[in-house]
Amino acid sequence: GNSVTQMEGPVTLSEEAFLTINCTYTATGYPSLFWYVQYPGEGLQLLLKATKADDKGSNKGFEATYRKETTSFHLEKGSVQVSDSAVYFCALTRTGFQKLVFGTGTRLLVSP
Amino acid sequence: NAGVTQTPKFRVLKTGQSMTLLCAQDMNHEYMYWYRQDPGMGLRLIHYSVGEGTTAKGEVPDGYNVSRLKKQNFLLGLESAAPSQTSVYFCASIEQGSYNEQFFGPGTRLTVL
Numbered sequence: 001g002n003s004v005t006q007m008e009g010p011v012t013l014s015e016e017a018f019l020t021i022n023c024t025y026t027a028t029g030y031p032s033l034f035w036y037v038q039y040p041g042e043g044l045q046l047l048l049k050a051t052k053a054d055d056k057g058s059n060k061g062f063e064a065t066y067r068k069e070t071t072s073f074h075l076e077k078g079s080v081q082v083s084d085s086a087v088y089f090c091a092l093t094r095t096g097f098q099k100l101v102f103g104t105g106t107r108l109l110v111s112p
Numbered sequence: 113n114a115g116v117t118q119t120p121k122f123r124v125l126k127t128g129q130s131m132t133l134l135c136a137q138d139m140n141h142e143y144m145y146w147y148r149q150d151p152g153m154g155l156r157l158i159h160y161s162v163g164e165g166t167t168a169k170g171e172v173p174d175g176y177n178v179s180r181l182k183k184q185n186f187l188l189g190l191e192s193a194a195p196s197q198t199s200v201y202f203c204a205s206i207e208q209g210s211y212n213e214q215f216f217g218p219g220t221r222l223t224v225l
């Protein structure tokens, strides 16, 4: 079946540090891949997405590249801010299914 | 546009009580979803709907029922609440046939004592 595996958190960083949150997936066919972010007390918001191999999604300084050969979609940011503290979810959906499969989420804590 | 709204925001129930969670969206989306979020388990799909008058089971449907009588509303019912249903519930919607993002509501925190 389809599944998403994320690194366990929390990830604790100082402001301006480099961020990587690992995400790997298992899926048949050619899924689309997403990163969602959940700020405290809120619902999930789409952060970025990639719909085919080698696509790079980017938004707000975050990037992730769809790597079919390693079945990965790692989230990166060059310099994190305190305001980036949130829970990040990797997710996939299969063509025609319109149902998201989520990873368990990774909490990021950024200190000043 | 309000986007996706959920009612109520918080609720405490006793075991065996019933309640209905309301989700409303004003984006004319065809597909709507109910998820539950539990620590260490991410979001799990309870039920979903691909259009007015249709519903389908997701990953964890037991103990829940849903209805989609109007396109803009998707109701989640708990007929006899159990402590295992203590969770945060999220509703989401998406435009049909696209890779566009799912839009999420702010969530309902439910505690069953």
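Those protein sequence lines, which keep their order, are chains A and B.
Residues 1 to 112 in our numbering are what the first sequence lists, from first letter to last.
Residues 113 to 225 in our numbering are what the second sequence lists, from first letter to last.
Just so you know, even glycine gets a beta-carbon here, dropped at the ideal spot from N, CA and C.
Since the structure is predicted, the reported quantities are computational estimates derived from the model, not experimental observations.
Coil, strand or helix - residue i by DSSP
i, result
"A/SER83", "helix"
"B/GLN197", "helix"
"A/ALA50", "strand"
"B/LEU225", "coil"
"B/GLY189", "strand"
"B/THR127", "coil"
"B/THR166", "coil"
"A/VAL110", "strand"
"B/ASN177", "strand"
Cβ separation of residue i and residue j, assumed to be a contact under 8 Å, to the nearest whole Å
i, j, result
"A/TYR39", "A/LEU47", "A/TYR39 to A/LEU47, Cβ: 11 Å. No contact."
"B/TYR201", "B/LEU188", "7 Å"
"A/TYR88", "A/GLY61", "The Cβ separation is near 13 Å, so there is no contact."
"A/VAL82", "A/VAL110", "5 Å"
Residue of the options minimising C-alpha distance to residue i
i, options, result
"B/GLN197", "B/ASP150, B/GLU171, B/GLU207", "B/ASP150"
"B/ASN177", "B/SER199, B/THR220, B/LEU133", "B/LEU133"
"B/GLU213", "A/GLN45, A/GLY9, A/ALA53, A/SER111", "A/GLN45"
"B/LEU190", "B/LEU155, B/PRO173, B/ALA114", "B/PRO173"
"A/GLY1", "B/GLU171, B/LYS126, B/LEU155, B/GLY154", "B/GLU171"
"A/THR5", "B/THR220, B/ARG221, B/LEU155", "B/LEU155"
So, do the segment 55-72 of chain A and the segment 136-150 of chain B have three or more beta carbon pairs nearer to each other than 8 Å?
-> Contact fails: fewer than three Cβ-Cβ distances are below 8 Å.
Beta strand (DSSP E) runs wholly inside the segment 11-76 of chain A, at least 3 long, in chain order | Complete beta strand (DSSP E) runs here, min 3: 11-14, 19-21, 23-26, 32-38, 44-50, 56-59, 62-65.
Do the segment 120-131 of chain B and the segment 89-106 of chain A touch if we need at least three Cβ pairs shorter than 8 Å?
-> The answer is no - the segment 89-106 of chain A does not touch the segment 120-131 of chain B, with fewer than three Cβ pairs under 8 Å.
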